[in-house]
Amino acid sequence: MKLTLKIWRQKDAKDRGKIVDYQLDDISPDMSFLEMLDVLNQQLIDKDQDPIAFDHDCREGICGMCSMYINGRAHGPDREITVCQLHMRSFSDGDTIYIEPWRAKAFPVIKDLVVDRSAFDRIQQAGGFISVNTSGNTQDANNILISKHAADTAMDAATCIGCGACVASCKNSSAMLFVGAKVSQYALLPQGQVEAADRVMNMVKQMDEEGFGNCTNTGACEVECPKGISLENIARMNREYLKANLKG
Amino acid sequence: MSKLDSRTPEGPLKDKWTTYKDKINLVNPANKRLIDVIVVGTGLAGGSASATLAELGYNVKAFCFQDSPRRAHSIAAQGGVNAAKNYQGDGDSTYRLFYDTVKGGDYRSREANVHRLAEVSVNIIDQCVAQGVPFARDYGGLLDNRSFGGVLVSRTFYAKGQTGQQLLLGAYSAMNRQIGRGKIKMYNRHEMLDVVIVDGKARGIIARNLVTGEIERHSAHAVVLGTGGYGNAFYLSTYAMGSNVTAAWKAHKRGAFFANPCYTQIHPTCIPVSGDHQSKLTLMSESLRNDGRIWVPKHKKDVEAIREGKLKPTNLAEEDRDYYLERRYPAFGNLVPRDVASRAAKERCDAGYGVNKTGEAVYLDFADAIKRYGKEQAHVKGLDEDDSALINKLGKEIIKAKYGNLFQMYEKIVDQNPYETPMMIYPAVHYTMGGVWVDYNLMTTVPGLYCIGEANFSDHGANRLGASALMQGLADGYFVLPYTIGDYLSDDIRTGPISVDSQEFDEAENNVKDRLDKLINNNGKYSVDHFHKRLGKIMWNKCGMSRNEKDLKEAIEEIAALREEFWKDVKVPGTANEFNEELAKAGRVADFLELGELFAKDALQREESCGGHFREEHQTPEGEAKRRKEFQYVSAWEYKGEPKDAVLHKEELVYENIEVKERSYK
Amino acid sequence: MSGIFNSSIGRKFAMALSAFFLMIFLVMHVSINFTSVFSEELFNKMSHFMGTNPLVQGVMQPILIFGVVFHFIMGFILEFKNKASRSVRYSKNSPSGNSTWMSRNMLLSGVVILAFLALHFYDFWVHEMTVKYIDGDMSGLMDPNNADSGFRYYEELREKFVSPLRVSIYTVSFVLLAMHLLHGFNSAFQSLGANNKYTKSLKGFGKVYSIGIPAVFIFIALYHHFTH
């Protein structure tokens with residue numbers, strides 16, 4: 001396959017950055033998208049140019065590191081996958097492909113396609129946990145009965161990989177799907193009830209302070225989420241937040 | 001040899017850990033505030049250790065090279081975590097878990113460590129459930145279990161096919177709580193490049209800020225490494241791209257012995273290599289072997305027809321298929337341990353029965369399971385059990401519920417629908433049982449330097465059983481290290497803060513800077529990947545699933561030559577003072593090029609077959625691994641300059657509570 | 001509870017609550033208007049009641065105006081904040097792959113509706129206010145000095161829909177209202193946290209409501225235009 005790539009290049013956080021064009025030949029449809037970029041980087045190194053910086057690690061769709069806006073879509077055109085799981089067979093010979101970093105004020109660019117997502121960490125630090133000591137001297141695991149439905153629904157929420165595609169694809173750069181998923185996981189489990197009110201209040205407060213936008217329910221996040229996390233989780237968070245506020 | 005004291009407590013096996021805990025020195029809460037601990041790596045071991053140490057009151061500085069602790073590669077573990085809860089009432093016990101692990105490890109692990117692991121395994125489940133890890137439940141609301149290779153009970157707890165992710169997020173949440181409280185200072189996108197030894201004790205590290213390129217000094221009273229395994233020495237593996245041996249190797253160069261480097265686990269169920277462009281191999285969870293049957297065609301003519309695309313595997317008659325695991329190992333069948341399953345696949349493919357174009361793939365077939373589940377469902381729902389279309393549909397639904405995400409992953413990569421045609425799988429490097437040598441306290445041969453999780457060598461012997469890596473990582477981090485490190489730190493309550501303005505820190509920092517400068521200014525001809533790929537080829541071909549003296553000797557020569565070439569001809573673009581992934585990679589590959597040689601050297605001296613280490617010279621007439629009594633030791637290597645000069649120390653392994661038998665899964 | 005409306009979720013609640021209020025108002029409005037199609041008398045009676053009842057005029061009307069203004073201002077604030085949360089735009093963006101045009105352009109449809117409301121206020125409300133509170137004519141009669149002259153509301157309504165231009169503007173505006181509602185109706189429920197087993201049927205109802213109400217408004221305008 002022959003491709004024209006239009007890639008965002010930005011030397012560091014202070015640089016203005018611009019789109020740069022690259023031509024690439026001999027790409028196999030069996031390559032993953034990141035392997036295609038490996039090929040490009042190899043060629044750039046051979047030509048004594050700076051290779052394109054992009055985040056990636058596990059390359060099997062679970063670490064949440066890879067983060068590219070490809071042809072106007074988070075993680076590219078396919079559904080329910082990350083960039084590393086996207087294969088070149090999803091494109092055609094002669095295609096022009098735009099590759100940009102996640103765009104959000106709360107995710108500043110570090111270099112090229114690499115962004116700083118530590119805002120997500122700070123939201124979790126504000127309350128994304130259950131305050132249980134790690135002594136192992138808790139009650140026996142089977143003393144807490146959890147209905148299969150609740151466990152499965154909590155698992156569906158917990159499956160979030162924290163990649164930030166929800167923020168990137170939201171026209172408002174809202175992080176509500178990410179926060180909603182975490183709030184939901186704990187809200188659905190009996191272990192999470194004790195701190196439920198504080199948790200949602202603190203996490204939402206931190207989310208707002210980080211500069212994410214407001215959710216307007218366009219549903220783009222749900223479509224682009226590589227793990228198919230449902231909008232239901234945002235509704236649940238809204239409920240939890242209302243409940244917490246009414247409690248005072 | 002005098003240095004290799006395992007410090008295993010005296011007394012009966014089952015009381016060792018309890019008695020030990022009763023007698024160790026503790027640090028009182030007020031004094032813990034005066035003590036700093038550095039934890040490198042934030043996977044299951046490092047993450048859980050950081051959280052627990054912080055909770056106990058120590059000041060923890062945690063480091064990871066990823067952009068968040070949540071991204072450590074523990075996240076990719078799919079299948080589950082073992083624990084001797086015996087919830088299923090199928091005869092499980094602490095002893096049985098201990099027994100299975102020692103036997104599965106081919107009698108090459110330390111009894112006392114493994115028994116302790118089995119003891120604390122039950123706490124892991126309690127802990128994780130309390131933390132909100134959404135383990136799978138049955139309809140009664142109780143925890144569900146599945147079974148894994150190499151054992152006869154169901155003791156594996158799981159959260160869909162993402163157990164590692166959920167456990168890691170649990171540890172990450174515990175860390176977040178402590179970061180929020182200010183007890184952990186988190187350093188993301190930082191890579192440790194050296195350990196600093198002051199007066200014979202580990203007192204800090206040199207780290208590089210991967211965003212700015214800045215070299216930083218960090219001091220502490222003890223340093224803990226939870227930096228994972230070194231399987232990326234093979235270039236292609238199921239490891240994350242960034243997984244590396246650097247931290248462990250630097251520790252080794254500073255005096256920590258490196259144990260059993262040749263023990264590598266080759267996982268039987270990975271997606272086969274598709275071409276030269278490949279950067280990474282993808283694992284399909286071992287849990288698939290619960291329902292999938294592994295086979296190749298019985299006749300060469302069918303193999304050729306399949307490779308040419310003239311014959312569909314689904315059309316091959318039952319009697320023309322060779323279910324070779326069921327044939328060779330009737331007792332365990334498709335659920336034999338990983339090393340056995342991998343070698344059997346290699347044996348068939350080497351004999352010319354591989355089913356894809358490269359000849360390196362076997363089938364993992366779900367057709368029977370679909371039929372079986374379909375019938376079951378039809379019966380339960382009172383539907384027609386002879387309607388094959390209906391059975392097929394119902395069966396697929398069950399398979400989808402159990403393995404949906406894995407099947408989807410397979411289809412994305414291979415572009416074939418595994419519900420309709422059997423999956424193709426082939427073994428790939430997946431885990432390293434070897435690692436930094438540690439004593440019972442998880443301390444290396446350098447005082448104050450600890451090593452936990454996959455990075456150490458201790459619990460899995462020569463082969464790890466499925467779902468035991470998660471167990472070990474969390475056991476070390478939550479329940480073992482926090483106790484044992486206190487015993488050491490109790491001597492440090494009056495030490496006060498460790499200064500970074502010492503000669504030792506100067507020396508280490510200069511060392512790191514010189515090396516980075518050398519890489520940046522080398523201006524050679526070839527990229528880092530070029531060398532990494534070549535190293536991988538040597539490792540896979542000569543130190544892979546089966547090894548022999550000739551190959552290993554060649555490998556030692558070739559790796560040494562490649563290393564020399566690397567330092568002469570490697571090209572690293574950019575500068576050291578910026579975000580420069582090529583530079584980070586170059587440092588890691590340079591270390592792999594040293595480790596690789598030690599790996600081959602270790603494999604060469606171990607003239608026996610055990611677990612993941614298979615020496616062609618030592619096999620039974622049926623081609624099974626042949627262990628030798630005289631090699632019942634841990635080989636721990638001391639660094640002496642070049643890998644070839646490394647000095648071997650032996651820790652003899654004593655089995656008092658388990659009979660060393662031929663490991664048979666027939 | 002204090003400060004809730006300063007948070008992102010709080011603003012969503014505020015948007016949703018004002019939206020509910022306006023949606024209920026729309027039902028009332030369309031019901032009264034629809035009577036004009038079949039009964040001049042009923043329409044006049046109801047109009048007179050709404051126009052002169054102190055509770056409606058003194059309490060409900062201000063609340064309604066507040067609701068409208070609040071909904072608009074909040075909408076603008078949200079849009080402004082949301083725009084600010086992404087300082088660099090994408091060079092290439094293909095949002096049609098993940099969301100509907102309606103959901104992404106609530107501001108646009110909102111502004112059109114706002115412009116329409118200005119016209120609507122000019123047409124009816126300003127006129128009403130002038131007659132009632134400046135001229136002091138609370139009778140609602142065509143000729144305030146002639147008790148037999150009958151109510152003026154129906155005739156005034158008919159008068160307005162003579163102009164084809166005005167009818168076209170009405171029609172276009174109500175099409176945009178339909179689009180605004182098609183996203184807004186369910187969005188309001190989602191914002192208030194309603195996402196459960198009824199969501200599917202609610203979505204269906206939302207579609208009927210969102211298309212039905214504006215359609216009836218358009219029908220009324222066209223009916224009066226063509227029967228004049």
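Protein chains in written order, with the working numbering: chain A, 1 to 248; chain B, 1 to 666; chain C, 1 to 228. Where a beta carbon is used, it is the ideal one built from N, C-alpha and C, also for glycine. Here the structure is a predicted model, which means the values were calculated and not measured.
Partner residues on chain F for residue i, Cβ-Cβ distance less than 9 Å
{"i": "residue 193/C", "result": "Considering every chain present, this structure includes no chain F. Its protein chains are A, B and C."}
Residues sharing a beta bridge with residue i, DSSP
{"i": "residue 219/B", "result": "204/B"}
{"i": "residue 652/B", "result": "633/B"}
{"i": "residue 5/A", "result": "22/A, 97/A"}
{"i": "residue 431/B", "result": "265/B"}
{"i": "residue 161/A", "result": "The partner list for residue 161/A (beta bridge, DSSP) is empty, contrary to what the question assumes."}
{"i": "residue 450/B", "result": "224/B, 443/B"}
{"i": "residue 146/B", "result": "156/B"}
{"i": "residue 615/B", "result": "547/B"}
Supposed close pair residue i, residue j - CB separation, criterion 8 Å
{"i": "residue 221/B", "j": "residue 448/B", "result": "7 Å"}
{"i": "residue 210/A", "j": "residue 106/A", "result": "5 Å"}
{"i": "residue 153/C", "j": "residue 226/C", "result": "That pair is no contact at about 20 Å."}
{"i": "residue 77/A", "j": "residue 90/A", "result": "6 Å"}
{"i": "residue 67/C", "j": "residue 110/C", "result": "Residue 67/C to residue 110/C, Cβ: 14 Å. No contact."}
{"i": "residue 244/A", "j": "residue 183/A", "result": "With a Cβ gap of about 10 Å, residue 244/A and residue 183/A do not count as contacting."}
{"i": "residue 570/B", "j": "residue 519/B", "result": "7 Å"}
Residue i, DSSP secondary structure in three states
{"i": "residue 620/B", "result": "coil"}
{"i": "residue 49/A", "result": "coil"}
{"i": "residue 73/A", "result": "strand"}
{"i": "residue 270/B", "result": "strand"}
{"i": "residue 151/B", "result": "coil"}
{"i": "residue 585/B", "result": "helix"}
{"i": "residue 302/B", "result": "helix"}
{"i": "residue 170/A", "result": "coil"}
{"i": "residue 10/B", "result": "coil"}
{"i": "residue 76/C", "result": "helix"}
{"i": "residue 221/A", "result": "helix"}
{"i": "residue 313/B", "result": "helix"}
{"i": "residue 89/C", "result": "coil"}
{"i": "residue 240/B", "result": "coil"}
{"i": "residue 164/C", "result": "helix"}
{"i": "residue 1/B", "result": "The pLDDT assigned to residue 1/B is 43, lower than 50, so where the model puts this residue is not dependable; a value taken from the coordinates is nonetheless given after this. Here residue 1/B sits in coil by DSSP."}
In chain order, each alpha helix (DSSP H) run of at least 4 residues that lies wholly inside the region 184–215 of chain A | 196–209
Determine, using beta-carbon pairs with one atom in the region 70–79 of chain B and one in the region 120–135 of chain B, whether at least three such pairs fall under 8 Å.
-> no
Would you be able to state if there are at least three C-beta pairs under 8 Å between the region 370–385 of chain B and the region 354–362 of chain B?
-> no
Pairing CB atoms from the region 94–101 of chain A with CB atoms from the region 185–194 of chain A, are three or more of them under 8 Å?
-> no
So does the region 633–644 of chain B actually touch the region 86–97 of chain B, counting three or more Cβ pairs closer than 8 Å?
-> no
What are the start and end residues of each continuous alpha helix (DSSP H) run of 4 or more residues lying completely inside the region 504–570 of chain B, in chain order?
-> 528–542, 549–569
Three-pair Cβ contact test at 8 Å for the region 7–14 of chain B versus the region 102–121 of chain B = yes
Is it true that the region 456–471 of chain B meets the region 293–302 of chain B, where meeting means three or more beta-carbon pairs spaced less than 8 Å apart?
-> no
Do three or more CB pairs link the region 472–485 of chain B to the region 44–62 of chain B at distances below 8 Å?
-> yes
Count the CB pairs spanning the region 265–281 of chain B and the region 422–432 of chain B that are closer than 8 Å, and state whether there are at least three.
-> yes
Could you tell me whether the region 614–627 of chain B touches the region 220–236 of chain A, where touching means 3 or more Cβ pairs closer than 8 Å?
-> no
Using 8 Å as the Cβ pair cut-off and three pairs as the minimum, do the region 227–237 of chain B and the region 396–404 of chain B touch?
-> no
Between the region 135–146 of chain B and the region 147–154 of chain A, are three or more C-beta pairs nearer than 8 Å?
-> yes
For the region 83–102 of chain C against the region 167–176 of chain C, are there 3 or more C-beta pairs whose distance is under 8 Å?
-> no
Just checking, does the region 106–123 of chain A make contact with the region 164–175 of chain A on the three C-beta pairs under 8 Å criterion?
-> yes
Three CB pairs or more closer than 8 Å across the region 404–417 of chain B and the region 252–260 of chain B = no
Kindly confirm or deny that the region 36–50 of chain C and the region 142–161 of chain C touch, where touching means at least three C-beta pairs closer than 8 Å.
-> yes
For the region 436–445 of chain B against the region 57–68 of chain B, are there 3 or more C-beta pairs whose distance is under 8 Å?
-> no
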